[in-house]
Every structure is written in C-alpha cells, then in structure tokens.
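Heads up: the sequence lines are chains A and B, in that order.
Quick note: the first sequence uses the numbering used here, first residue 34, plus one each step.
Quick note: the second sequence uses the numbering used here, first residue 710, plus one each step.
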Amino acid sequence: MKNIITFGAGLIFGLGLIISGMTNPSKVIGFLDLAGKWDPSLAFVMLGAIAVAFFAFRRVEAKTLTVFDEPIHLPAKTHLSKELVIGSMLFGAGWALAGFCPGPAIVALGAGYQKAFIFVIAMLLGMAAHEYLYKK
Amino acid sequence: MENFTPISSLTGGLLIGLSASILILFIGRIAGISGIIASLLQFKNTPKGHHTWRLLFIAGLLISSQVYEMFAPLPASEIAASTSTLIIAGLLVGFGTQMGSGCTSGHGVCGLSRLSFRSLTATLCFMFTGFVVCYLMLHVV
C-alpha cells in the first residue's frame, strides 16, 4: 500500500512539473531573465505548491506521526551555515545555466531527452564529488 | 509576457504541493528531490528500506511523461544549453544541492511550507545567483 502511495506521489509530482512548465528549461530561464521579457509564471508554481503543502506541514507540527502512525523524518539542522549559503548559490548558478533543477531534469530524462541524460549524469557526479570530499 | 501561463503553472504547483503533502503525511518523508537522488547513491551502512521508497518516488517521476502523453501531447522541453554547459550546470547543481542540503523542492516548496528560516535563506541564495547568472549569460557574455 505504502509503495503504491509513494510511486503515486512521485507520479503526481512529475505531472505537476510538466503541467507547470518547469520541465521546459527555456521557460525556467524566461523566469530567471528579469532583464529580458520576464515571464513570472513559475512564481505561481511555488505559490500553488506552498498553498497546499503549508497545511500538510501544519498537521505535522501538531502530530509528528504519519497516517500509519510511523515517525515523520524532518531535517535535523536548524542553524544557518556557510555551507547552506555557498551550496545554494552554486546550485542557483547551475540552475540558470541549464534551466534544469533536479526534479524536472529527472522528468525530462524519463521523456527521453538526451540533453537531460547528460545533465543528470553530471549532477550525479557532482553529488558523488560532494560525498567524497565532505563525508569521508 | 506572451509566454505568461499563470493558470497552468498554478495548477502544476497545486499538484506538486499535493505530492509533497502525501509524501509527508503518509510516508513521513520530505519531497526533496536532490536529497532523494543523493541518498540513492549511498550504499554503506544504509538501513533496511533505505532505497525502496526513494526508488519508487523517482520511478514515478521518470514515468510521468509517458502517463501525461496518454492524455495530451507532451509540452516541448526546449534545452538551449550546449553539452559543455549542461555538464558544468549539472556538476554545480549536484554539488551545490548537497552542500546546501536541498533544491527547489526541498527548500523552495517543503522548507518554505514549514516556515524554515534555513530554507528561506537557501531559496533567496539560489534565486539570487539564478537571476545574476541568467543576466550574465543572456545580456553580458
């Protein structure tokens, strides 16, 4: 049951990314291009997502167990760090260069785009490089 | 603003929020895609079931284009970046999301929904460099 729910959640997430326009790198870059013909559409993606998820996380604050009475895993870190700032800035730079962030890149890979494949392989290498440098 | 699509973008956003809500309320996990992918690369001392839910969620993402195509033609993904740019961008996204503990989904959707100050900081940081690099790429270089 839980496996079906998890797969379904991934599917809904992917459909949301496709419908929203996030899987089109040109549209993402159109959103980031404040100085050009700015397309603010993608601000509505975040707005819509938060409008729903906000209420789910309100319930998490009241009850830290899932519907199946199992523990909810929340991030342990609460303090700001230079890693958070520098890492996020590096991510933003890569996001703008390709127009892909991780979710849409995976969806585009599933759609069979060769360029998404190249991006995802490089992304996996970047993740592995971080693991190698910082977690050993 | 001829490409302005507030309705479809809002609709897609609502679905993303629904997915994140299902994952936290039923499975007890944050829908942070970069974290989910990076955890799939870990094999040392991982607890039982470490990979299962993550693989299932990613499988849902991978198959979503085919499911969408059963109902309507898939909207085009126009990828203008060259191969070398894609490689540099991918490395930055992979390394940066691990160093910064999240991406647009983990920080931008789930973190902001949880009113996390760390995620607000992260979101402002990646939006800022996103805008700056985009400006440099399209209007300077």
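C-beta: ideal position from N, C-alpha, C; glycine also.
These numbers come from a predicted model, not from an experiment.
- Just tell me which of B:V841, B:A798, B:I772 and B:A789 has its CA closest to the CA of A:G145. As a first step, residue 145 of chain A must be located in the first sequence, where it is residue number 112. Nearest of B:V841, B:A798, B:I772 and B:A789 to A:G145, Cα basis: B:I772.
- Closest by C-alpha distance to A:T99, when choosing among B:T830, B:A789 and B:I736: What you label residue 99 of chain A is simply residue 66 of the first sequence in a count that begins at 1. Ranking the options by Cα distance to A:T99, first place goes to B:I736.
- Query: Quick one, which of A:K148, A:A141 and A:G125 has its alpha-carbon nearest B:Q775's?
  - Reply: The residue you call residue 775 of chain B lines up with position 66 of the second sequence. For B:Q775, the nearest C-alpha among the options comes from A:A141.
- Item | Nearest neighbour of A:A161, chosen from B:L801, B:C819 and B:G839 [CA to CA] | Against the first sequence, residue 161 of chain A aligns to sequence position 128. Selected option, being the one with the closest Cα: B:L801.
- Message: Between which residues of its own chain and B:V849 is the CB-CB distance below 6 Å, once the five residues before and five after are set aside?
- Response: Position 140 of the second sequence, counted from the first residue, corresponds to residue 849 of chain B. No residues qualify anywhere along the chain.
- Residues that A:L98 bridges to, as DSSP identifies them: As a first step, residue 98 of chain A must be located in the first sequence, where it is residue number 65. Its beta-bridge partners are A:P104.
- Counted within 10 angstroms of its Cβ, other Cβ atoms place B:G815 as buried (16 or more) or exposed: Translated into positions along the second sequence, residue 815 of chain B becomes position 106. Result: buried.
- Nearest-angstrom Cα separation, counted from B:E778 out to A:K115: As a working mapping, residue 115 of chain A is identified with position 82 in the first sequence. As a working mapping, residue 778 of chain B is identified with position 69 in the second sequence. Using only the alpha carbons, I get a separation of about 43 Å.
- Query: Are the beta-carbon atoms belonging to B:G803 and A:L130 less than 9 Å from one another?
  - Reply: Counted from its first residue, the second sequence places residue 803 of chain B at position 94. Counted from its first residue, the first sequence places residue 130 of chain A at position 97. For B:G803 and A:L130, no; Cβs fall outside 9 Å.
- Contacts around B:G817, its chain only, beta-carbon distance under 6 Å, and the 5 residues preceding and following it disregarded: As a working mapping, residue 817 of chain B is identified with position 108 in the second sequence. The residues are T832.
- Query: Are the C-beta atoms of A:A95 and some chain B residue less than 9 Å apart?
  - Reply: Within the first sequence, the letter at position 62 stands for residue 95 of chain A. Interface flag for A:A95 against chain B is unset, since no Cβ pair is found closer than 9 Å.
- Message: I'd like to know whether the C-beta of B:T755 is nearer than 9 Å to at least one C-beta of chain A.
- Response: Mapped onto the second sequence, residue 755 of chain B falls at position 46. Cβ-Cβ to chain A under 9 Å: no for B:T755.
- Message: Give me the subset of the region 146-163 of chain A whose CB atoms are less than 8 Å from a CB atom of chain B, sorted by chain position.
- Response: For the region 146-163 of chain A, the set of residues with a beta-carbon nearer than 8 Å to any beta-carbon of chain B comprises Y146, K148, A149, I151, F152, V153, I154, A155, M156, L157, L158, G159, M160, A161, A162 and H163, in chain order.
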